[in-house]
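Have a look at the structure below before the remarks.
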Amino acid sequence: MSPIPKKMNGAMAIVECLRIEEVVKVFCVPGESYLPLLDAIYDEPSIELITARHEGGASFMAEGYAKASKKPGVVMATRGVGGANLSIGVHTAYQDSTPMVVFLGQVHSKFRGREGFQEVDLDQFFGHIAKWTVEIKDADRVPELVQRAFRIAQTGRPGPVVISLPEDLLKQEAEMIFHPKVKKSRPSPSQHELREVERILKKAERPLIIAGGGIIASEGEEELLNFAETFKLPVMAAFRRHDVFPNHHPLYAGHLGLGTPKDILATTKEADVILAIGTRLSEVTTQDYSLLSPEQQLIHIDIDDQTIGRVYEPSLGIVSDAKEAISSLISLKIQPIWKEWTAKCNERYQRSSLLKERPYSEKLSNEDVIQELQKLLPENSIITNDAGNFAGWLHQYYSFKNKKTYIGPTSGAMGYGLPAAIGAAIAFPNRVVVSLSGDGGMMMTVQELETAVRYNVPIISIVFNNRMYGTIRMHQEIHYPEKVIGTELGSIDFAALAKSLNANGVKANTVSEFTEAILCAMKSNLPTVIEVDMDREQISVSKTIQQIRSQK
Numbered sequence: 001m002s003p004i005p006k007k008m009n010g011a012m013a014i015v016e017c018l019r020i021e022e023v024v025k026v027f028c029v030p031g032e033s034y035l036p037l038l039d040a041i042y043d044e045p046s047i048e049l050i051t052a053r054h055e056g057g058a059s060f061m062a063e064g065y066a067k068a069s070k071k072p073g074v075v076m077a078t079r080g081v082g083g084a085n086l087s088i089g090v091h092t093a094y095q096d097s098t099p100m101v102v103f104l105g106q107v108h109s110k111f112r113g114r115e116g117f118q119e120v121d122l123d124q125f126f127g128h129i130a131k132w133t134v135e136i137k138d139a140d141r142v143p144e145l146v147q148r149a150f151r152i153a154q155t156g157r158p159g160p161v162v163i164s165l166p167e168d169l170l171k172q173e174a175e176m177i178f179h180p181k182v183k184k185s186r187p188s189p190s191q192h193e194l195r196e197v198e199r200i201l202k203k204a205e206r207p208l209i210i211a212g213g214g215i216i217a218s219e220g221e222e223e224l225l226n227f228a229e230t231f232k233l234p235v236m237a238a239f240r241r242h243d244v245f246p247n248h249h250p251l252y253a254g255h256l257g258l259g260t261p262k263d264i265l266a267t268t269k270e271a272d273v274i275l276a277i278g279t280r281l282s283e284v285t286t287q288d289y290s291l292l293s294p295e296q297q298l299i300h301i302d303i304d305d306q307t308i309g310r311v312y313e314p315s316l317g318i319v320s321d322a323k324e325a326i327s328s329l330i331s332l333k334i335q336p337i338w339k340e341w342t343a344k345c346n347e348r349y350q351r352s353s354l355l356k357e358r359p360y361s362e363k364l365s366n367e368d369v370i371q372e373l374q375k376l377l378p379e380n381s382i383i384t385n386d387a388g389n390f391a392g393w394l395h396q397y398y399s400f401k402n403k404k405t406y407i408g409p410t411s412g413a414m415g416y417g418l419p420a421a422i423g424a425a426i427a428f429p430n431r432v433v434v435s436l437s438g439d440g441g442m443m444m445t446v447q448e449l450e451t452a453v454r455y456n457v458p459i460i461s462i463v464f465n466n467r468m469y470g471t472i473r474m475h476q477e478i479h480y481p482e483k484v485i486g487t488e489l490g491s492i493d494f495a496a497l498a499k500s501l502n503a504n505g506v507k508a509n510t511v512s513e514f515t516e517a518i519l520c521a522m523k524s525n526l527p528t529v530i531e532v533d534m535d536r537e538q539i540s541v542s543k544t545i546q547q548i549r550s551q552k
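Listed below in structure tokens is the structure:
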């Protein structure tokens, strides 16, 4: 039966598409160029509009919401200025393969090409950081193109799409034809490909799985656990995919990221067969594309055919949904002969992730923070992190035991942690959500703390304050020792700043103060900022500034 056309304007048609796609949260900074769309959202009770303080914050919220909910994040802004501000979230979604649909108001059609007020060619502007861009020029094509955008955002390798909306289009009426909600296709391996995997693994002595975000996106974590346990395969998480596999499991082999311990790198280098699933084998995961060698057999499984062979030529490349692939791999006829190797992989991880004994001190350290979070937080808590060296302690020492408990930017975008936590908490209002930020990153989006207050989102935000851009300072000391320039920052009272935004704010200088702050924050209905004064000399997990200088 053919769909029955409905007469409505462009703005109402967009909202109808959102309703069909079961969108219930939209993030935005409002603009006059798309007021008809805001008005149409007002009339749709199933959609809540979340208004942020900055478009960058709105896009990070949408990205964090999408990661947590496994639904497309939807964000709106106005013209070139709003688009430029939210582009950092679009880039983050692109590198993280996060489904996102961006609606941008555009100048009136009759002003296009004249450098109208706030005019930018948004298709060109976003062309290299979005999966697809389109400007809708005819009102009757709104359902077709918006539903296509949702399909593109969610299928294949997920990613952001950008739709620009000329101001006059939103008021134009037309006969609209809508189609059912987008269904995601899930390609699976062929029988021939499965036999090839079996052939390679039968000869393996030291196999290793590198598990990426494609497994998380396809919700294949349980299948991965079953597959690994069935064949006693060690599992290593790709960069910032900590929760893809339970970290306390005896088959867990560690995380490939920034500042990865040598033992973890040794495990990867010694493997004779690498089974890379749902990972693009990024620069960080592969340690500047240097980690794998031609002598190793690589089986690369990914839903994007452009990913396979881009970095390393595989012995076998399979285009497949990660969950479908792993489910199929269970049928392999393999007798594991690598028990000692698997145990060795886990022993190395245990050694490198063990918090070291240190002399007693009342002063709160980064290790103390991670240790207390591990003890105090419910196991289903969600942790987000900003970019910065402070995250090294989280990456190395925190054990993620459950799926859907970690959200971080593989793009390394500063300012991400706080708004991503807001997005995650909106997706899961009954779970504890904690963001970790440095003082540099926190100040890039701290205004969104007021957004959290306004929408009653009681996130916990921990700020590691060392009054510098610490990661850049570390590289400065490595390459230009003792020539410090551009990395020093002033002192900010984050606890007082939080209180000025009507949130809770507290400084924690000792373990007992930090413990009390976390316990109080988990009981509060308000967002809480906990400021931790970081040792400026301890520039990374493994090095002090003086140690870096003494190596020269």
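Take the sequence shown: its position 500, counting from 1, is numbered 500 in this note's numbering, and each next residue is one higher. C-beta atoms are modelled at their ideal positions from N, C-alpha and C, and glycine is treated no differently. Given the structure is predicted, the values throughout are model-derived calculations rather than measurements.
Locate the alpha helix (DSSP H) running through residue i, then write down its first and last residues.
{"i": "S33", "result": "Unbroken run through S33: none, as it is neither H nor E."}
{"i": "E16", "result": "G10 to I20"}
{"i": "E173", "result": "Note, E173: premise wrong, no alpha helix (DSSP H); beta strand (DSSP E) at E173 to M176."}
{"i": "L373", "result": "N366 to L376"}
{"i": "V197", "result": "Q191 to K202"}
{"i": "L436", "result": "Not the alpha helix (DSSP H): L436 falls in the beta strand (DSSP E), residues V433 to G438."}
{"i": "W338", "result": "Note, W338: premise wrong, no alpha helix (DSSP H); not H, not E."}
{"i": "T92", "result": "R79 to D96"}
{"i": "T307", "result": "Run containing T307: none; DSSP gives neither H nor E here."}
{"i": "T230", "result": "E221 to F231"}
{"i": "G213", "result": "G213 to A217"}
{"i": "I129", "result": "Taken as a continuous stretch (DSSP letters only), I129 belongs to no alpha helix (DSSP H), as it is neither H nor E."}
{"i": "A424", "result": "G417 to A427"}
Which partner residues of residue i appear in the DSSP bridge assignment?
{"i": "L208", "result": "I274"}
{"i": "D302", "result": "V319"}
{"i": "P166", "result": "Q106"}
{"i": "T528", "result": "I460 and N504"}
{"i": "H255", "result": "A237"}
{"i": "I50", "result": "F27"}
{"i": "N385", "result": "L436"}
{"i": "M76", "result": "C28 and F103"}
{"i": "Q547", "result": "Answer by DSSP bridge pairing: none, since Q547 is not bridged."}
{"i": "D533", "result": "N465"}
{"i": "K363", "result": "T510"}
Residue i by DSSP, collapsed to three states: which one?
{"i": "W393", "result": "helix"}
{"i": "K507", "result": "strand"}
{"i": "K70", "result": "coil"}
{"i": "A149", "result": "helix"}
{"i": "L265", "result": "helix"}
{"i": "V161", "result": "strand"}
{"i": "D140", "result": "helix"}
{"i": "T286", "result": "coil"}
{"i": "V134", "result": "strand"}
{"i": "I407", "result": "strand"}
{"i": "K7", "result": "strand"}
{"i": "Q297", "result": "strand"}
{"i": "K344", "result": "helix"}
{"i": "K523", "result": "helix"}
{"i": "S188", "result": "coil"}
{"i": "D121", "result": "coil"}
{"i": "E324", "result": "helix"}
{"i": "F60", "result": "helix"}
{"i": "N446", "result": "Sequence inspection shows Val at residue 446; the Asn mentioned does not correspond to that position. DSSP places V446 in coil when its eight states are reduced to three."}
{"i": "L329", "result": "helix"}
{"i": "T451", "result": "helix"}
{"i": "R112", "result": "coil"}
{"i": "E55", "result": "helix"}
{"i": "L37", "result": "helix"}
{"i": "G441", "result": "helix"}
{"i": "E313", "result": "coil"}
Just confirm the distance between the C-beta atoms of residue i and residue j, as a whole number of angstroms; I'd bet it's less than 8 Å.
{"i": "A68", "j": "G423", "result": "7 Å"}
{"i": "S59", "j": "V24", "result": "Actually they are not in contact, since the Cβ atoms of S59 and V24 sit about 18 Å apart, beyond 8 Å."}
{"i": "L376", "j": "L519", "result": "7 Å"}
{"i": "A66", "j": "M100", "result": "6 Å"}
{"i": "Y315", "j": "I209", "result": "The residue you asked about is not Tyr; residue 315 is Ser in the sequence shown. Between I209 and S315 the Cβ distance is about 15 Å, and since that is not below 8 Å, they are no contact."}
{"i": "I303", "j": "S320", "result": "7 Å"}
{"i": "I326", "j": "F227", "result": "5 Å"}
Counting along the chain, where does the beta strand (DSSP E) carrying residue i start and finish?
{"i": "V541", "result": "Looking at the DSSP string, V541 is not in any beta strand (DSSP E), and its letter there is neither H nor E."}
### Query
Can you give, in chain order, each stretch of the alpha helix (DSSP H) that sits fully within the region 455-500 and has at least 4 residues?
Qualifying alpha helix (DSSP H) stretches, in chain order: 470-479 and 494-500.
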